[in-house]
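First the structure, in the form of structure tokens, and then the observations on it.
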Amino acid sequence: GVFDLADLRTVLNLPQGNAEKFRRILNRLLEEQLLFRFCRGFYVRNDFNLEILSQKIDSESYISLGNILAKVCIIGPVQQNYVFAVSPRPRPKMFSSSLGTIRYLTIKRAMMDFGISINGNLRVADPERAFLDALYYYKKGLKLNFNPYSDMNVEQLDLEKVLDYLDNYNNPNFVGFVRSVVNENRK
Numbered sequence: 009g010v011f012d013l014a015d016l017r018t019v020l021n022l023p024q025g026n027a028e029k030f031r032r033i034l035n036r037l038l039e040e041q042l043l044f045r046f047c048r049g050f051y052v053r054n055d056f057n058l059e060i061l062s063q064k065i066d067s068e069s070y071i072s073l074g075n076i077l078a079k080v081c082i083i084g085p086v087q088q089n090y091v092f093a094v095s096p097r098p099r100p101k102m103f104s105s106s107l108g109t110i111r112y113l114t115i116k117r118a119m120m121d122f123g124i125s126i127n128g129n130l131r132v133a134d135p136e137r138a139f140l141d142a143l144y145y146y147k148k149g150l151k152l153n154f155n156p157y158s159d160m161n162v163e164q165l166d167l168e169k170v171l172d173y174l175d176n177y178n179n180p181n182f183v184g185f186v187r188s189v190v191n192e193n194r195k
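Counting in the working numbering, the sequence shown runs from 9 upward without gaps.
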């Protein structure tokens, strides 16, 4: 379970005006380790899903990069307690605790119109979009836990879809970079 303060007030059936009682109950839940504070305003149970928490913190974001690529075997396994999410919000953020890390990367709102779907309660990139996101942020200086020139199984991608998505990027250098990565990984 993932909760913000409003969720906890609802679950505990405490109206807004009972701040002191709410704080006492919340502190007791934390002391008894029935809840854990992840970051300011967000609490989790021990069986929580980091991806769901990322969407709770930023509902406009979507899960991408290595989290998606590893699920479809384009890259090897990734760290279980680390989530990359992409958001149209103006500043990148990172939320980290002993329970895990959520790293938000930013992108223009106009780039949120393709390759993203809703899977259950999660907004997720399809593999082709996650592939392009990984290369886009790598090109911008993000250190990935895999080598984009050799550690990607591009045969798992729909390369027609990748080419269609590339039309959204108005950067010939990036398009050339993507083509070179695809060619290197096909060798």
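Just so it is clear, CB atoms sit at the ideal spot from N, CA and C, and this is done for glycine as well.
Three-state secondary structure (DSSP) at residue i?
i, result
"R53", "coil"
"L219", "The requested residue 219 is not part of the displayed model; the chain covers only 9 to 195."
"Y157", "coil"
"I76", "helix"
"G9", "coil"
With 16 as the cutoff for other CB atoms within 10 Å, does residue i come out buried or exposed?
i, result
"N179", "exposed"
"L143", "buried"
"K148", "exposed"
Of all the options the options, which has the alpha carbon lying nearest to the alpha carbon of residue i?
i, options, result
"L165", "Y177, L150, G149 and N191", "N191"
"S104", "L174, N155, N176 and R48", "R48"
"V170", "F139, V19 and G149", "F139"
"S62", "E39, L42, V132 and E168", "V132"
"S188", "N176, D172, V162 and Y173", "V162"
"G123", "L13, Y70 and V52", "Y70"
"D15", "R99, K151, V52 and P98", "V52"
"L150", "N181, P100 and E168", "P100"
"A78", "I65, D66, F92 and S67", "F92"
"F50", "Y146, L20 and K64", "K64"
How about residue i and residue j: are their beta carbons less than 9 Å apart?
i, j, result
"S158", "N127", "no"
"V94", "Y112", "yes"
"G74", "N26", "no"
"I115", "D141", "yes"
"P96", "M119", "yes"
"Y90", "R137", "no"
"V186", "P135", "no"
"L107", "F44", "yes"
"F30", "F46", "no"
"N129", "I60", "yes"
Which residue or residues does DSSP assign as beta-bridge partners of residue i?
i, result
"I126", "R131"
"L113", "V94"
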